[in-house]
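**Student:** Quick note: the sequence shown, position 116, residue 146 per the numbering used here, numbers continuous.
Quick one: this structure, given as structure tokens, is what I'll be asking you about.
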Amino acid sequence: MFTGTFQNSIDSKNRMIIPSKYRDLLGGKCMLTRGFDKCLYIYSMEDWDVLVEKIAELKQSDRDVRKFIREFFSNTEECHLDAQGRILIPQHLREYAGITKDMVTKGAMDKIEIWSAEVLTDPQGENMMDNEEFVKKLDMYDL
């Protein structure tokens, strides 16, 4: 399980260092893709396989499902960590997430989220755990 928050940056060769806490969980290889909310997701190969199985169960007779599959998989890269624990972030993914230099790396249970520090900065400073409406919504999941 991926947990924690780390400040990092992209280097001049468009590589990011995967926090050492996550490297063992990734096992030297991972899948990098677009995430929701203008961030990038990194999945371990094991968690990626679970996700792919779930996506494969979607009804491809639905046009929106086909569009989602096309968009999701065409924006996914298999990455190999180098000796320093870095991966290359391709230009199209950097542009999607607005990554130019400073980043925030967040553990998000079954994946790692990569955020541009500028995109992640919330001027309102809202904490979802303090939002009564959101907390009530969690009641339906018995959390």
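Note that CB positions come from ideal geometry on N, CA and C, so glycine has one too.
Go ahead and pull the three-state DSSP assignment for Ser104.
**Tutor:** Walking along the sequence shown from the start, residue 104 turns up at place 74. Helix, per DSSP.
**Student:** Rounded to the nearest angstrom, what separates Asp54 and Ser91 at their Cα positions?
**Tutor:** Locating residue 54 in the sequence shown gives position 24, counting from the first residue. Locating residue 91 in the sequence shown gives position 61, counting from the first residue. Distance between the alpha carbons of Asp54 and Ser91 is about 39 Å.
**Student:** Would you check if there are 3 or more beta carbon pairs closer than 8 Å linking the segment 62–78 to the segment 143–153?
**Tutor:** Taking 8 Å as the limit for Cβ pairs, the verdict is that the segment 143–153 does touch the segment 62–78.
**Student:** I believe Gly115 touches Ser50 by the beta-carbon criterion, under 8 Å. Please report the beta-carbon distance rounded to the nearest angstrom.
**Tutor:** Taking the sequence shown and counting its residues from 1, one reaches residue 115 at position 85. Taking the sequence shown and counting its residues from 1, one reaches residue 50 at position 20. Confirmed, about 7 Å.
**Student:** Kindly list the residues whose CB is nearer than 6 Å to the CB of Lys136, restricted to its own chain and excluding five residues on each side of it in sequence; keep chain order.
**Tutor:** Working through the sequence shown from its first residue, we reach residue 136 at position 106. Around Lys136: Thr35 and Glu143.
**Student:** For the segment 118–130 and the segment 36–48, state whether three or more C-beta atom pairs, one from each stretch, are separated by less than 8 Å.
**Tutor:** With a cut-off of 8 Å, the segment 36–48 and the segment 118–130 count as touching, because enough Cβ pairs lie within range.
**Student:** Strictly by DSSP, which residues pair up with Lys166?
**Tutor:** Your numbering for residue 166 matches position 136 in the sequence shown. Paired residue(s): none; Lys166 is not in a bridge.
**Student:** Closest to Leu56 by C-alpha separation, out of Ile129, His110, Met133 and Tyr126, would be which residue?
**Tutor:** Along the sequence shown, one-based indexing puts residue 56 at 26. Out of Ile129, His110, Met133 and Tyr126, His110 has the C-alpha closest to the C-alpha of Leu56.
**Student:** Sorted by chain position, which residues of the same chain lie with C-beta nearer than 6 Å to Asp77's C-beta, five sequence neighbours on each side aside?
**Tutor:** Locating residue 77 in the sequence shown gives position 47, counting from the first residue. Asp140, listed in sequence order.
**Student:** If you measure between the beta carbons of Lys89 and Val80, is that distance less than 7 Å?
**Tutor:** Taking the sequence shown and counting its residues from 1, one reaches residue 89 at position 59. Taking the sequence shown and counting its residues from 1, one reaches residue 80 at position 50. Not closer than 7 Å, so no.
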